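The sequence shown runs contiguously to residue 591 in the numbering used here.
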Amino acid sequence: MIRLQSPIVPVPTNPVDIDRAIVDLQLVLATNLPWLTHVYGRTYKMVDQTKGQAIFLPEVYLGGSDASKRYSSITPDNDKQGQCFFMVRRLSIDADDWFVKGRLNYDVDLIFSVNLSLINNPLLETELFTANLESQIRLVLRSNVGKAYRVNVQEVFYESRDVWRDLAVEIATVEKAPLQHFRVKCNISLDEGCTTVPYDRCTALQNNLSDSDRNICLLPTYDFSSSAVQSNVTPNQQIQLSDWLCSAPVPVRKSTNIGGTGRIFASADPIYDFEYNTPFSLSCWIKVDSNGVNNLFNHYTSSSGTGYFLITLPDGSFRVDLQNTQALRLSISTPPSAFSLNTWVHCMVTYDGSSTVAGLNIYVDSALQLKAASTQTLGANSIRNGLMLFFGQTMDGTNSLQGKVADFKVWDRELTDQEVTAEYNARASLTAPVTSGLVLWCECGNNAQFGATDYTMPDKANTVAGFQTSGVPIGSVTTDVP
């Protein structure tokens, strides 16, 4: 066992049954509870020897190569705003016949640990608002209409001896404010062998899912037959029907319309000021309204030509450059018509740090693109510039994105093909987003606040102070999302 403050926990590649439900719940909790900064998945109660005694610690599996398989202990940490993990305790199966698949019922405990001073220190001066957080958790856990699993919240424990029962935790160090802890006892039920995608009922009608998909993933209480879906109802009636089906609140995603006039930027930080030999990855969801040179990522200065950028070209292709100067650069472009106008598209760039064309790739909607054009003259020349990162416009204020952006992310490592696919599917909640190595995450509208002249947006990766807009007028945040 090792102890890491923020361990990199791999996402299961083929989860089934309870593991699949937990992966989805991780995403649901992280998306709907902004104060919950560390959502760990399934933990295992492992034995450790200390002072001649056997103690039990909750540990997450980190994987590993060769014979070394690693775990990391997940215990209270006052440096973390909020964390939680899952403990699966028991499985019971409802089945009338040994040869027939039944209903799986899992007893699961979710253990939460929060630092109230990091969540809302002014409010902490007058009250302990733990009950507010716990109420939000219950609401989110119960908002699973349309999922292939059901969550029933049964009990909530507050006393330290109940929260940390049979686990080795120094209770004296965690039982007073600003640290607070509670254990949520749940039953998670699902059909045996259910590995289907948990579709969202609230968009099932609009997505025109097949009858078989609806029968597998949705409760049979409502009529989702083709005749019902394709009946001649007005758009207003469709909206009313969708609202009726959604008995629980669903988070509204947002995007920002750059509109050819502005940009989003982050203050200068070495965390994304990569060197020529440093692997990294970039991704974004965009909707381009007009052909032309549209700047996406821009960490580049035209005066020296040093940095990196991702743009679209007038022929509908993507191009990414890593440069020391315009003569010393690594550059690739996709074939023309890599995307369509007025259509949401996901673009991902991965780089392995080799200064070679072979080590630089562009994916569009998770599909690896051919390299229609390339230049390889960068060599061992620096691309660092110590400047800010812009999205939607150059540092000089030119070539603004004609369109919208739903989110953009930066990782300090090269993502694999499987992770690129997982990140693409995460937008539709089909898989969990890739958080290992994630250093920047701007959701481009969610939790955006407009000040006197510009928007401010939080960094969901919690590594920089946040993002700000320039030249993006009020009213540019929209609900038009992929």
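Where a beta carbon is used, it is the ideal one built from N, C-alpha and C, also for glycine. Only a predicted model underlies this, so the values are computations on that prediction, with no experimental measurement involved.
Looking at the DSSP output, Met196 shares a beta bridge with Thr152 and Asp218. Counting C-beta pairs closer than 8 Å gives three or more between the segment 518-528 and the segment 545-560, which meets the contact rule. Rounded to whole angstroms, the gap between the alpha carbons of Tyr180 and Pro445 is 46 Å.
By the beta-carbon neighbour count (other beta carbons within 10 angstroms, threshold 16), Val125 is exposed.
With respect to the 7 Å criterion, Thr365 and Val514 are classified as neighbours on the basis of their beta carbons. By the C-beta criterion, the segment 564-578 is judged to be in contact with the segment 370-383, since at least 3 inter-stretch pairs fall below 8 Å. Burial state of Gln558 is exposed, judged by a 10 Å Cβ sphere holding fewer than 16 other Cβ atoms. For a cut-off of 8 Å, the C-beta gap from Ile441 to Ser475 is around 18 Å, too long to register as a contact. The alpha-carbon separation between Phe576 and Thr503 amounts to approximately 16 Å. Glu236 carries a coil assignment under DSSP once its states are collapsed to helix, strand and coil. For Asn556, the closest C-alpha among the options Thr587, Val529, Gly416 and Arg212 is that of Thr587. For Glu264, the three-state secondary structure derived from DSSP is strand. Under the three-state reduction of DSSP, Arg362 is assigned to coil, being neither helix nor strand. Straight-line measurement puts the Cα of Tyr472 at about 41 Å from the Cα of Ser226. Looking at the DSSP output, Ile183 bridges to nothing.
Apart from the 5 residues on each side of it in sequence, Gln511 sits with its Cβ closer than 8 Å to the Cβ of Ile367, Gly368, Gly369, Val397, Asp398, Ser399, Gly401 and Asn403 in its chain, given in chain order. By the neighbour-count criterion, in which 16 or more other beta carbons inside 10 Å mark a residue as buried, Gly554 falls on the buried side. When the alpha-carbon of Arg151 is set against those of Leu166, Pro143 and Val132, the nearest one is in Val132. Counting the other CB atoms within 10 Å of its CB gives Asp424 a total below 16, which places it among the exposed residues. With a cutoff of 7 Å on beta-carbon distance, Leu437 and Leu477 are scored as not near each other. Asn141: not part of any beta strand (DSSP E); member of the alpha helix (DSSP H) spanning Asp126 to Asn141, first to last residue. Judged by DSSP in its simplified three-state form, Glu523 adopts coil rather than helix or strand. Classified as buried, Pro167 has 16 or more neighbouring CB atoms from the shown chains inside 10 Å of its CB.
In the DSSP secondary-structure assignment, Cys551 is bridged to Phe517. Gly501 is positioned such that its CB atom lies closer than 7 Å to that of Ile373.
Annotation: the continuous alpha helix (DSSP H) that includes Ser269 extends over Ser269 to Val272.
In this structure, Arg428 lies away from Ser298, with their beta-carbon atoms at least 7 Å apart.
Around Asp461, the same chain offers Pro388, Gly468 and Glu523 as residues with beta carbons nearer than 7 Å, after the five sequence neighbours per side are excluded. Beyond the five residues adjoining it in sequence on each side, Leu134 comes within less than 6 Å, by CB distance, of no other residue in the same chain. When DSSP states are grouped into helix, strand and coil, Ile228 belongs to the helix group. Note that the C-beta distance between Arg251 and Val272 is not below 7 Å. Ser449 carries a coil assignment under DSSP once its states are collapsed to helix, strand and coil. Excluding its 5 nearest sequence neighbours in each direction, Ser585 has C-beta neighbours in its own chain below 6 Å: Thr365 and Asn366, listed in chain order. Take the alpha-carbon of Pro185 and the one of Phe517: they are about 31 Å apart. With fewer than 16 other beta carbons inside 10 angstroms of its own, Asn230 counts as exposed.
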